[in-house]
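Colleague: Taking numbering that gives the first Met the number 0, I'd label the letters of the sequence shown as residues 0 to 607.
Below you'll find the structure I mean.
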Amino acid sequence: MSSILLDSSIDITLPEWLQKCFHSPSPKDRKQGETDLICQAFEFAYDLHEGQYRKSGEPYICHPMAVAGLLRDWGGTAPMIAAGFLHDVVEDTDVTIDEIEQRFGVEVRRLVEGVTKLSKLNFKSKTENQAENFRRMFLAMAQDIRVIVVKLADRLHNMRTLEHLKEEKRRQIALETREIFAPIAQRLGMWRVKSELEDLAFKYIEGEAYQQIVQYVEENETLRQQRFAQSTAILRQRFQQTGIECLEISERSKHLYGIYQKMLMSQKDSQEIYDFAVLRIIVKTNEECYRTLAVVHDIFRPVPGRFSDYIGLPKPNNYQSLHTVVVGTTGKLLEVQIRTLEMDYLAEYGITAYWRLGHLLDFSQLPPQQHQTRQSELAWISQLSTQHNQQKMSEFAWLNDLVACNDDICDATEYIQSIKNDLTMEEIYVFTPKGDLISLPSKSTPIDFAYKIHTNVGNRLVSVKVNGEFASEVAVLSTGDTVEILTDENAEPKLAWIKQVATNKAKNAIRRWYKYQYKSELKAKLLPEYLVPVVTFKFLCIDRIGILKDIIERFYRYKINVQAVRVETNSKGIADIHVSIESKDAEKLNECVREVAKISDILDFRVV
Ligand code: MN
């Protein structure tokens, strides 16, 4: 037993699960080592954060304790739970990351390191600081996906306690949550976390609309339950007649932000009156899913074009389910989801589903709403899932794409914009001629497809076939298209493609190709001293709206006076921008020009 229980100075109430850790039954317990790690991490963090308080007035330790609790609920292993306790100590106390490793091992170190932000002093601007932190986080994620799960637990608890911060800060954190963390949770298949993050962000970004929707949902609750009882009765009866073994029928309101988005959409298309609820049917096998669909479509009239088979074609985050929209008992449109228990579990908890199962094998810790009949099913799934686990972890290819941005995009603002774009884009699925499934963001073209296959396929593209017919390389692809790329050794990417492609991967590859073509000796470009007070730089760049502003802005940031600007654009879409500058400080000027050269549309520059 640990010393802390004897220590009367402890001024917080420990959650039950943590108390249990301290009262862990016998030293022979095979989980003893894990329990010790958790207890020690708590004690260490408790001592270090002592005397620190959150904006809410609570002792600071309440935050890491809540984060560790979330990680435990999600089935995190002992090192993850320990990292939950320790995630803020390097940032907020004098402890170094090496000390964390000495005390808790390399695994805990890596997790804590991945979520620790860099000191703000190292950076010139807030944006740069933010970009660098994201870059580090994505790199750490690519090495160990659990880093982001720790980060999501941290963010979720911060969002739950956001009301204590100032208005401006609240908004900023809420926006970042909506644009980056909720999409990440979605990519990891963590639907529950994603929905809660989105709802909380919604509350702080569009407060008024949020309140209206809360009210709307409350007012309609009784009606919704009545409708649900009706539909369930009809369905249950038919399942009995057809011999389908239905484990569960449940209905829930869509999450608040989801309703809001649907409402905005239906303002454009007011013919659809939506029931903002989802009816979920859980059956035993894949085959029964399809039989159930047949029954549902037989009872309720389906809405054309609204059926999706994510069992046959799972989403990239491994989500599986049948979706359909039908006309419900009251004439309103009703969304129906049909899936097996395993699919349901994966859909709710995503990447953490399997950890959770492994962790909760005795099932005594399952939340009460998951009633008894589920337990035997889950035991069976967890047996299957152990081998599955490793394989699933490596399937997050999108992560590599995010990290890949690193090498190509040096400018902080662009980097943040590009990860936001990458994370929030809707996806389509197309096929290679051999029938392999490739996922791409919506509005992708065959060029995007080619670069997704390989940079050389993109660079050497001469013509394309979509569904067997020759097509334009900039045609917008749709789900189900089969795409074939014809290449030629001597082909070159066209500059105009940059504005027509949808993926950053393709954009960056085309830029890189052009940069390479224009590459000249960097050393010669920066002068040690300027003999004249006015120097003119010539920037060779890919022409686009705003490029001039981006260049001038950087000189302005360095407080360097721009005397004259001249722009010449050629028909190939390349612009020569001459900027004359007055500066006596060669070092500052060199530094500034290097900064300008980081703008990814700049191919080359020289002093003229
Ligand atoms: Mn934190």
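Note that CB positions come from ideal geometry on N, CA and C, so glycine has one too.
All values reported here derive from a predicted model rather than from experimental measurement.
#1: How is the beta strand (DSSP E) around Val607 delimited, first residue to last?
#2: At the level of alpha carbons, what is the spacing between Leu547 and Gln499?
#3: So, do the segment 102-116 and the segment 79-88 have three or more beta carbon pairs nearer to each other than 8 angstroms?
#4: Taking C-beta to C-beta, are Leu476 and Phe448 nearer than 8 angstroms?
#5: By the three-class DSSP mapping on this structure, what secondary structure does Asn420 have?
#6: As an exercise, report each continuous beta strand (DSSP E) stretch of at least 3 residues that is fully enclosed by the segment 239-294, in chain order.
#7: How far does the alpha helix (DSSP H) with Glu197 in it reach, from first residue to last?
#8: What is the rounded straight-line gap between the Cα of Leu521 and the Cα of Ile452?
#9: Just curious, the alpha helix (DSSP H) that Asn455 is in, first and last residue?
#10: Would you kindly work out how many angstroms separate the C-alpha atoms of Val294 and Glu286, rounded to a whole number?
#11: Answer with buried or exposed for Thr284, where buried requires no fewer than 16 other C-beta atoms within 10 angstroms of its C-beta.
#12: Looking at the structure shown, is Leu485 part of a helix, part of a strand, or coil, going by DSSP?
#13: Spatial neighbours of Ala82 within its chain, please: CB distance less than 7 angstroms, with the 5 preceding and 5 following residues excluded, ordered by chain position.
#14: What are the boundary residues of the alpha helix (DSSP H) that includes Phe615?
#15: Quick check: does the Cβ of His163 come within less than 7 angstroms of any heavy atom belonging to ligand 1?
#16: Tell me whether the beta-carbon of Gly188 lies closer than 8 angstroms to the beta-carbon of Asn317.
#17: For Val107, is the beta carbon positioned less than 7 angstroms from some heavy atom of ligand 1?
#18: Going by the beta-carbon positions, is the gap between Glu472 and Ile446 smaller than 8 angstroms?
#19: Since Ala200 contacts Ala181 with CB under 8 angstroms, what's their CB separation in whole angstroms?
#20: Pull up the DSSP beta-bridge partners for His322, would you.
#21: In this structure, how does DSSP classify Ala346 when only helix, strand and coil are distinguished?
#22: What is the residue span of the alpha helix (DSSP H) that Asn589 lies within?
#23: Is the segment 325-332 touching the segment 165-177 in the sense that three or more CB pairs, one from each, lie closer than 8 angstroms?
#24: Please check the pair Pro432 and Glu468, which I expect to be a contact at CB under 8 angstroms, by giving their CB distance rounded to whole angstroms.
#25: Is any heavy atom of ligand 1 found at a distance shorter than 7 angstroms from the C-beta of Ile35?
#26: Alpha carbon to alpha carbon, how far is Glu217 from Trp379? Give it in angstroms, no decimals.
#27: To the nearest angstrom, how far is the alpha carbon of Gln224 from that of Trp73?
#28: In terms of residue numbering, what span does the beta strand (DSSP E) encompassing Leu439 cover?
#29: Nearest-angstrom Cα distance between Gln386 and Ala346?
#30: For His86, which three-state DSSP category applies?
#31: To the nearest angstrom, how far is it from the Cα of Ala208 to the Cα of Leu263?
#32: Specify, as a first and last residue, the run of the alpha helix (DSSP H) that Ala574 falls within.
#33: Should Val533 go down as buried or exposed, given a rule of 16 or more other Cβ atoms within 10 Å for buried?
#34: Within 8 angstroms of any Cβ in chain D, is that where the Cβ of Ala184 sits?
#35: Return the first residue and the last residue of the alpha helix (DSSP H) that Leu155 is part of.
#36: What is the rounded straight-line gap between the Cα of Ile609 and the Cα of Ser55?
Modeller: A quick look at the data gives this:
#1: What you label residue 607 is simply residue 608 of the sequence shown in a count that begins at 1. No beta strand (DSSP E) contains Val607, which DSSP labels as neither H nor E.
#2: Here residue 547 corresponds to residue number 548 of the sequence shown, with the count starting at 1. Here residue 499 corresponds to residue number 500 of the sequence shown, with the count starting at 1. Their Cα atoms are separated by approximately 21 angstroms.
#3: Because the criterion of three Cβ pairs below 8 angstroms is met, the segment 102-116 and the segment 79-88 touch.
#4: For the purposes of this step, residue 476 is taken as the residue at position 477 of the sequence shown. For the purposes of this step, residue 448 is taken as the residue at position 449 of the sequence shown. Here Leu476 is near Phe448, since their CB atoms are less than 8 angstroms apart.
#5: Counting from one through the sequence shown, the residue named residue 420 turns up at place 421. When secondary structure is reduced to three states using DSSP, Asn420 falls in the helix class.
#6: Entirely contained in the segment 239-294, the beta strand (DSSP E) runs reaching 3 residues are, in chain order, 245-252 and 273-282.
#7: For the purposes of this step, residue 197 is identified with residue 198 of the sequence shown, where counting begins at 1. Trp190 to Ile204 is the span of the alpha helix (DSSP H), which, as asked, contains Glu197.
#8: As a first step, residue 521 is located in the sequence shown; it is residue number 522 there, counting from the start. As a first step, residue 452 is located in the sequence shown; it is residue number 453 there, counting from the start. Low per-residue confidence applies at Leu521: pLDDT is 45, beneath 50, and the placement is therefore not dependable, though the value from the model is reported in the following sentence. Their backbone Cα atoms lie some 32 angstroms apart in a straight line.
#9: The residue given as residue 455 occupies position 456 in the sequence shown. Unbroken alpha helix (DSSP H) run through Asn455: Thr454 to Asn458.
#10: Here the question's residue 294 lines up with position 295 in the sequence shown. Here the question's residue 286 lines up with position 287 in the sequence shown. Straight-line Cα distance between these residues: approximately 13 angstroms.
#11: Numbered from its first residue, the sequence shown carries residue 284 at position 285. Answer is exposed; the Cβ neighbour count stays below 16.
#12: Taking the sequence shown and counting its residues from 1, one reaches residue 485 at position 486. Looking at Leu485 - three-state DSSP - the assignment turns out to be strand.
#13: Within the sequence shown, the letter at position 83 stands for residue 82. Hits under 7 angstroms: Val107, Leu110, Val111 and Val149.
#14: This structure leaves residue 615 out entirely; the chain is present only between 0 and 607.
#15: The residue given as residue 163 occupies position 164 in the sequence shown. It does not: the Cβ of His163 is nowhere closer than 7 angstroms to a heavy atom of ligand 1.
#16: Residue mapping note: residue 188 aligns to position 189 of the sequence shown, counting from 1. Residue mapping note: residue 317 aligns to position 318 of the sequence shown, counting from 1. For the 8 angstroms CB-CB criterion, Gly188 and Asn317 form a contact.
#17: Position 108 of the sequence shown, counting from 1, holds the residue named residue 107. Not so, every heavy atom of ligand 1 lies at least 7 angstroms from the Cβ.
#18: The residue labelled residue 472 in the question sits at position 473 within the sequence shown. The residue labelled residue 446 in the question sits at position 447 within the sequence shown. Closer than 8 angstroms, so yes.
#19: By 1-based counting over the sequence shown, the position of residue 200 is 201. By 1-based counting over the sequence shown, the position of residue 181 is 182. The pair is a contact, with the Cβ atoms about 7 angstroms apart (cut-off 8 angstroms).
#20: Reading the sequence shown from its first residue, position 323 is the one you call residue 322. Paired residues: Ser307 and Gln336.
#21: As a working note, residue 346 is residue 347 in the sequence shown. Ala346: helix per DSSP, three-state reduction.
#22: Taking the first residue of the sequence shown as 1, we reach residue 589 at position 590. Asn589: member of the alpha helix (DSSP H) spanning Ala585 to Ala596, first to last residue.
#23: Contact between the segment 165-177 and the segment 325-332 is absent, with fewer than three C-beta pairs closer than 8 angstroms.
#24: The residue given as residue 432 occupies position 433 in the sequence shown. The residue given as residue 468 occupies position 469 in the sequence shown. Actually they are not in contact, since the Cβ atoms of Pro432 and Glu468 sit about 13 angstroms apart, beyond 8 angstroms.
#25: Walking along the sequence shown from the start, residue 35 turns up at place 36. Contrary to the premise, residue 35 reads as Asp rather than Ile in this sequence. Incorrect: Asp35 has no Cβ contact closer than 7 angstroms to ligand 1.
#26: Here residue 379 refers to the residue found at position 380 of the sequence shown. Here residue 217 refers to the residue found at position 218 of the sequence shown. With a pLDDT of only 45 at Trp379, under 50, the local geometry of the prediction cannot be trusted, and no value is derived from it.
#27: The residue you call residue 224 lines up with position 225 of the sequence shown. The residue you call residue 73 lines up with position 74 of the sequence shown. Each residue's alpha carbon lies about 29 angstroms from the other.
#28: Translated into positions along the sequence shown, residue 439 becomes position 440. Leu436 to Pro440 is the span of the beta strand (DSSP E), which, as asked, contains Leu439.
#29: Position 387 of the sequence shown holds residue 386. Position 347 of the sequence shown holds residue 346. Note that Gln386 scores a pLDDT of 42, beneath 50, so its modelled location is shaky and nothing firm can be said.
#30: On the sequence shown, position 87 is the one that residue 86 refers to. His86 sits in coil when the DSSP states are folded into three classes, being neither helix nor strand.
#31: Taking the first residue of the sequence shown as position 1, residue 208 is located at position 209. Taking the first residue of the sequence shown as position 1, residue 263 is located at position 264. Those two C-alpha atoms are separated by around 11 angstroms.
#32: To locate residue 574, count along the sequence shown from 1; it is residue 575. From DSSP, Ala574 is part of no alpha helix (DSSP H) but of the beta strand (DSSP E) over Ile573 to Glu581.
#33: Stepping through the sequence shown from its first residue, residue 533 is reached at position 534. By the neighbour-count criterion, in which 16 or more other beta carbons inside 10 Å mark a residue as buried, Val533 falls on the exposed side.
#34: This model lacks chain D altogether; it includes just one protein chain.
#35: Residue numbering aside, residue 155 sits at position 156 when the sequence shown is read from its first letter. In the DSSP assignment, Leu155 falls within the alpha helix (DSSP H) that extends over Arg145 to Arg159.
#36: Outside the displayed span of the chain (0 to 607) sits residue 609, for which this structure offers no information.
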